[in-house]
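Here is the structure we will look at, set down as structure tokens.
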Amino acid sequence: MNVHVGENDISHVVAADKAHIWHHLTQHKKFDISDPLIIVEGKGMRVWNQAGRSHLDAVSGGVWTVNVGYGRTSIADAVRDQLVKMNYFAGSMGSIPGALFAEKLIEKMPGMSRVYYSNSGSEANEKTYKIVRQIAHNKYGGKKHKILYRNRDYHGTTITALSSGGQDERKGQYGPFTPGFVEVPHCLEYRSQLGDVDDYGIRAANAIEEVILREGADTVGALILEPITAGGGVITPPEGYWPRVQEICDQYDILLIIDEVVCGMGRTGTWFGYQHYGIKPDMVTMAKGVASGYAAISCTVTTEEVFQMFKADPDDPMSYFRDISTFGGCTAGPAAALENMRILEDENLLENTTAMGEYLLEQLEGLKAKHQIIGDVRGKGLFVGAELVSDRETREPADESIAAAIVAECFKTDAVVIGMTNRSLAGFNNTLCLSPALICTKSDLDEVVASIDGAITRVLAA
Ligand SMILES: Cc1ncc(COP(=O)(O)O)c(C=O)c1O
9 MNVHVGENDI SHVVAADKAH IWHHLTQHKK FDISDPLIIV EGKGMRVWNQ AGRSHLDAVS
69 GGVWTVNVGY GRTSIADAVR DQLVKMNYFA GSMGSIPGAL FAEKLIEKMP GMSRVYYSNS
129 GSEANEKTYK IVRQIAHNKY GGKKHKILYR NRDYHGTTIT ALSSGGQDER KGQYGPFTPG
189 FVEVPHCLEY RSQLGDVDDY GIRAANAIEE VILREGADTV GALILEPITA GGGVITPPEG
249 YWPRVQEICD QYDILLIIDE VVCGMGRTGT WFGYQHYGIK PDMVTMAKGV ASGYAAISCT
309 VTTEEVFQMF KADPDDPMSY FRDISTFGGC TAGPAAALEN MRILEDENLL ENTTAMGEYL
369 LEQLEGLKAK HQIIGDVRGK GLFVGAELVS DRETREPADE SIAAAIVAEC FKTDAVVIGM
429 TNRSLAGFNN TLCLSPALIC TKSDLDEVVA SIDGAITRVL AA
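For the sequence shown, the working numbering gives the first residue as 9, with consecutive numbering after it.
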């Protein structure tokens, strides 16, 4: 492995970072007495910090992004070649990689038709909200404008994306929010709001219908859902949930928006998470894994039916989608995404994801048998969570300081990077999260699971 980290003194980089960088999701007081970690290099499943210490990354760049792993020179080459030829023109014009990636993407998404480029998951979701609002104005006199979102789901960080966020801690202190967004209940069976029932999935979906009827179906334009909730605690849908959700959307003429920002591009073993459940979305958004973080890109994908509503009346100057994302015109994104997709296909990474995901779940079930603190293990593909409890019987959530201590212990002792629900849900930041790159092997996963095993033992002994 060709890693040269640590040969050069980069203390000035650390000083510049300390002096000028405002880190994401970080309380900076700790840097009064410590240095920020600078990630200097990555190869495959591993990253190296400024001290030359190697870390096994079980969260694909922290936030389930680097699906094909680090150090992919073929993606860098594709981006370089494209930038030298043509780096940018506004998205009102076309580009070669833009058109070619859209074609390949639509091949993977039967029933979908159009791709709108922008550059973050939040922005991709905002596009869907604007589309819903514009349809409401053009077709329903502005009335069918409300957008339903689900408790514990997350759709992004801008004020309107947060307005559709079901994680109270993320929203706290950032209101007032955009009007017209209405919450529906979560579908986490382990935390059933309905007690112990054998048709929880259907009932959790019916709870959405209750909200629709309360609000008035003629006011509700869309429902946005993650196929499997990510940062809200890795929530796999209960049996029967999705077919009923689809039925409800069809019945009340409500557009179904699927947020694939985390699940998209193979993370769960299919190209998109919704494809496990036979869902027919009207719009799908994606970002993180689309180019595995080698370039910024997000896509809002729609059916032809949705698209056609925006070209029906060329004489009306207001009728088309009057939206632009400046950096949606960058060609680096689709160039990287094309090569990213080639790697996923040529290296059979969807198959690897399914096989390694099953193995990881098995190993975590083994840990659950050993450690009472693990109350529930769930996930799909390489997208897995372990919910910690202080009491298995009552399912009392473990304090988030325990989850944080386990994450810190894996990092400190074994240099293994795992994640947890982070400042999302007060009282429920108790789920350890794993989302290794789709190239991972059994031996990588064994290392991760052994690290968690040791960390739990030490933290609980302390
Ligand atoms: C499900 C989901 N949707 C949307 C977003 C927002 O994406 P971004 O941070 O690129 O704006 C995230 C980010 O974590 C996410 O997990």
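Glycine residues also receive a C-beta, built at the ideal position from the N, C-alpha and C atoms.
{"Item": "Contacting residues, own chain, Cβ-Cβ under 7 Å from E134 (five flanking each side not counted)", "Value": "T166, T168, A169"}
{"Item": "DSSP state of K51 mapped onto helix, strand, coil", "Value": "strand"}
{"Item": "Any non-hydrogen atom of ligand 1 within 7 Å of E191 CB", "Value": "no"}
{"Item": "First through last residue of the alpha helix (DSSP H) which encompasses R350", "Value": "340 to 354"}
{"Item": "Where Y162 sits in the DSSP three-state scheme", "Value": "coil"}
{"Item": "Among F97, D384, L45, A423, the one whose alpha carbon lies nearest that of R400", "Value": "D384"}
{"Item": "CA nearest to the CA of V309, picked from D267, S398, Y328, G301", "Value": "D267"}
{"Item": "Heavy atom of ligand 1 within 7 Å of E234 beta-carbon", "Value": "yes"}
{"Item": "Secondary structure, alpha helix (DSSP H): runs of 4+ residues fully inside the region 242 to 284", "Value": "249 to 259"}
{"Item": "Exposure label - P342; buried when at least 16 CB within 10 Å", "Value": "buried"}
{"Item": "Between the CA atoms of G52 and A340 - distance to the nearest angstrom", "Value": "21 Å"}
{"Item": "Proximity winner among V392, K288, K388, relative to M120 (alpha-carbon distances)", "Value": "K288"}
{"Item": "Alpha-carbon to alpha-carbon, S306 and G336", "Value": "8 Å"}
{"Item": "Own chain partners of I464 with C-beta closer than 7 Å, once the 5 adjacent residues on each side are dropped", "Value": "H379, I381, I414"}
{"Item": "Given 8 Å, three or more beta-carbon pairs between the region 273 to 290 and the region 55 to 67", "Value": "no"}
{"Item": "Exposure label - D226; buried when at least 16 CB within 10 Å", "Value": "exposed"}
{"Item": "Residue(s) in a DSSP beta bridge with E395", "Value": "D384, T439"}
{"Item": "Pair within 8 Å by beta-carbon distance, L453 and M364", "Value": "yes"}
{"Item": "Three-state secondary structure (DSSP) of T186", "Value": "coil"}
{"Item": "P193, buried or exposed, once every other Cβ within 10 Å from all chains shown has been counted against 16", "Value": "buried"}
{"Item": "Nearest neighbour of Q90, chosen from A344, W279, T244 [CA to CA]", "Value": "A344"}
{"Item": "Alpha-carbon to alpha-carbon, A412 and D323", "Value": "58 Å"}
{"Item": "S130 beta carbon near ligand 1 (any heavy atom closer than 7 Å)", "Value": "yes"}
{"Item": "Beta-carbon proximity of E5 to R122, cut-off 8 Å", "Value": "Because residue 5 is not part of the residues shown, which for the chain are 9 to 470, the question remains open."}
{"Item": "Cβ-Cβ distance between V392 and L372 below 8 Å", "Value": "yes"}
{"Item": "H163 Cβ short of 7 Å to ligand 3 heavy atom set", "Value": "For the structure depicted, ligand 3 is absent and the ligand set comprises only ligand 1."}
{"Item": "Expected contact under 8 Å - CB spacing of V269 and M294 to nearest Å", "Value": "6 Å"}
{"Item": "Bridge-paired residues (DSSP) for N95", "Value": "Bridge partners of N95: none, in fact."}
{"Item": "Distance, K154 Cα to F318 Cα", "Value": "19 Å"}
{"Item": "Which listed residue (F97, I265, D43) has its alpha carbon closest to that of D25", "Value": "D43"}
{"Item": "Length-filtered (4 minimum) alpha helix (DSSP H) runs lying within the region 276 to 329", "Value": "312 to 316"}
{"Item": "The region 215 to 229 in contact with the region 144 to 163 per 3-pair CB rule at 8 Å", "Value": "yes"}
{"Item": "Residue burial classification, N10 (beta-carbon count within 10 angstroms, cutoff 16)", "Value": "Any reading at N10 is ruled out, since the residue's pLDDT is 46, under 50, leaving its predicted position unreliable."}
{"Item": "Check whether T402 and G277 have beta carbons under 8 Å apart", "Value": "no"}
{"Item": "Residue range of the unbroken alpha helix (DSSP H) whose run includes V415", "Value": "408 to 422"}
{"Item": "Cβ-heavy atom distance, A295 to ligand 1, below 7 Å", "Value": "yes"}
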